[in-house]
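The structure appears below as structure tokens.
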Amino acid sequence: MQHVNMRIMMLIWALLAAACSAVGANDAERTAVAENESLKTRVAIINATATHEIDRVAITLEHAQTEVRNVVNQNQFLVATLLLRGTPTEGIIVTAANVVNLPATATPAPPSRIVDPNATGEVNAVVSPVSAPTPAGLPTVGAQPILSQIVTATGVGDDDCAVNQTSQFTSDTAEIYVVAVADNIVPGTQIASRWFRENVEVAAFDFVPDFRIDDACIWFFIDQTDAEFTPGEWSVQLSINGGNVGAPMLFTIVDGG
């Protein structure tokens, strides 16, 4: 009977040992699975970080290349400007100082100009950019009306420009003209002339064109019906929209006898 009990006890111990071994194996397997998942997560994080760094480096490189191209373009523009002005370029060094990120529509500030004092043909000056000229025949946007080349004369030709320019007339002169070259005169502009004898106004006329005038002569005149041409010092003042154009044109009338 004791032998039977002993065998039963040994069988129970064997079953308990097997059960413990199975539990231990399951715990080890779960631990291995957890560590595997942790490693996978770490690898994914590392890959994502590496990709971000690669993208950042690529963007930085592209920006640097763009700035280099900008500096090269500015250098070429500066040299071309100097050559157009007949200025020696050997001593000019262009630096891309104060480079900032600007919108695509913004105009970058001109680069710094540094003169190398040891170079030949050096220029100790700052060179301003040259504005592109307006093509011939096209009106300048926002340009002011201009009257230029103002003269007095005894008459005008078929082109409305002065004939027999003079600043001295006689008391028996038939007509006295003031002639000017008009530019940028738009429809509705008021052009006027005021005539003075010894600083006293004796006549005034105005003209408001309904067409544009560019590089063409315009004129006013007075005759003996407007004011008697008595000898003395006379003048005529032109104006645009009420504003005087330059100083009065002086002329003299002498006795015709």
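For the sequence shown, the positions run 3 to 259 when the numbering used here is used.
Cβ coordinates follow ideal geometry from the N, Cα and C atoms, glycine included.
Exposed unless 16 or more other CB atoms sit within 10 angstroms - verdict on residue 99 | Walking along the sequence shown from the start, residue 99 turns up at place 97. Residue placement at residue 99 is poorly supported in this model, since its pLDDT is 40, which falls under 50; the coordinates are not used for a value here.
Use the C-beta contact count for residue 252: other C-beta atoms within 10 angstroms, 16 or more gives buried, fewer gives exposed.
-> Within the sequence shown, the letter at position 250 stands for residue 252. By the Cβ-count criterion, residue 252 is exposed, with fewer than 16 other Cβ atoms from all chains shown falling within 10 Å of its own Cβ.
In the structure shown, what three-state DSSP assignment does residue 116 receive?
-> Here residue 116 refers to the residue found at position 114 when the sequence shown is read from its first residue. Bear in mind that the predicted position of residue 116 carries a pLDDT of just 39, short of 50, making it unreliable; the figure below should be weighed with that in mind. DSSP places residue 116 in strand when its eight states are reduced to three.
Expressed to the nearest angstrom, what Euclidean distance is found between the alpha-carbon atoms of residue 172 and residue 219?
-> Within the sequence shown, numbered from 1, the residue matching residue 172 stands at position 170. Within the sequence shown, numbered from 1, the residue matching residue 219 stands at position 217. Their Cα atoms are separated by approximately 25 Å.
Residue 40 (DSSP reduced to helix, strand or coil) | If you number the sequence shown from 1, residue 40 lands on position 38. Helix, per DSSP.
Would you identify the three-state DSSP class for residue 170, choosing helix, strand or coil?
-> Reading the sequence shown from its first residue, position 168 is the one you call residue 170. Of the three classes helix, strand and coil, the one that applies to residue 170 here is strand, per DSSP.
Write down the C-beta distance between residue 238 and residue 199 rounded to the nearest angstrom, noting that I regard them as a contact closer than 8 Å.
-> Here residue 238 refers to the residue found at position 236 when the sequence shown is read from its first residue. Here residue 199 refers to the residue found at position 197 when the sequence shown is read from its first residue. Going by Cβ atoms, the distance from residue 238 to residue 199 rounds to 10 Å, so no, they are not a contact pair.
Continuous beta strand (DSSP E) assignments of at least 3 residues falling wholly in the stretch 141-214 | Within the stretch 141-214, the complete beta strand (DSSP E) runs of at least 3 residues are 148-158, 164-167, 170-172, 177-185, 193-199, 202-209.
Span of the beta strand (DSSP E) holding residue 218?
-> If you number the sequence shown from 1, residue 218 lands on position 216. Boundaries of the beta strand (DSSP E) around residue 218: 218-225.
Using a Cβ-Cβ cut-off of 7 Å (strictly less than) and excluding sequence neighbours within five positions of residue 106, which residues of its own chain qualify?
-> The residue given as residue 106 occupies position 104 in the sequence shown. Bear in mind that the predicted position of residue 106 carries a pLDDT of just 38, short of 50, making it unreliable; the figure below should be weighed with that in mind. Nothing listed; no residue qualifies.
CA-to-CA distance, residue 174 to residue 258, given in whole angstroms = As a position in the sequence shown, residue 258 is number 256, starting the count at 1. As a position in the sequence shown, residue 174 is number 172, starting the count at 1. Across the structure, residue 258 and residue 174 are spaced so that their CA atoms are roughly 6 Å apart.
Whose C-alpha, out of 233, 235, 163, 156, is nearest the C-alpha of residue 150?
-> Your numbering for residue 150 matches position 148 in the sequence shown. If we check each option's Cα against that of residue 150, 163 comes out closest.
For residue 235, does the three-state DSSP call read helix, strand or coil?
-> In the sequence shown, counting from the first residue as 1, residue 235 sits at position 233. Strand at residue 235.
Please confirm whether any heavy atom of the ligand FMN lies closer than 7 Å to the CB of residue 218.
-> Absence of the ligand FMN from the depicted structure is noted, as is the absence of any ligand whatsoever, leaving it without description.
Closest Cα partner of residue 201 within the set 194, 234, 223, 160 | For the purposes of this step, residue 201 is identified with residue 199 of the sequence shown, where counting begins at 1. Of the listed residues, the one whose Cα sits closest to residue 201 is 234.
Can you check DSSP and say which residues form a bridge with residue 254?
-> For this step, residue 254 is matched to residue 252 along the sequence shown. DSSP output for residue 254 lists 170, 235 as bridge partner(s).
For the candidate residues 223, 145, 254, whose alpha-carbon lies nearest to that of residue 169?
-> Within the sequence shown, residue 169 is the residue found at index 167, counting from 1. Taking residue 169 as reference, the option from 223, 145, 254 with the minimal CA-CA separation is 254.
If you count every other CB in all the chains shown that lies within 10 Å of the CB of residue 61, and 16 or more means buried, which is it?
-> On the sequence shown, residue 61 is found 59 positions in, with the first residue counted as 1. Residue 61 should be labelled exposed.
For residue 246, write down the residues that DSSP places opposite it in a beta bridge.
-> Mapped onto the sequence shown, residue 246 falls at position 244. DSSP, once it has assigned bridges, lists 241 as partnering residue 246.
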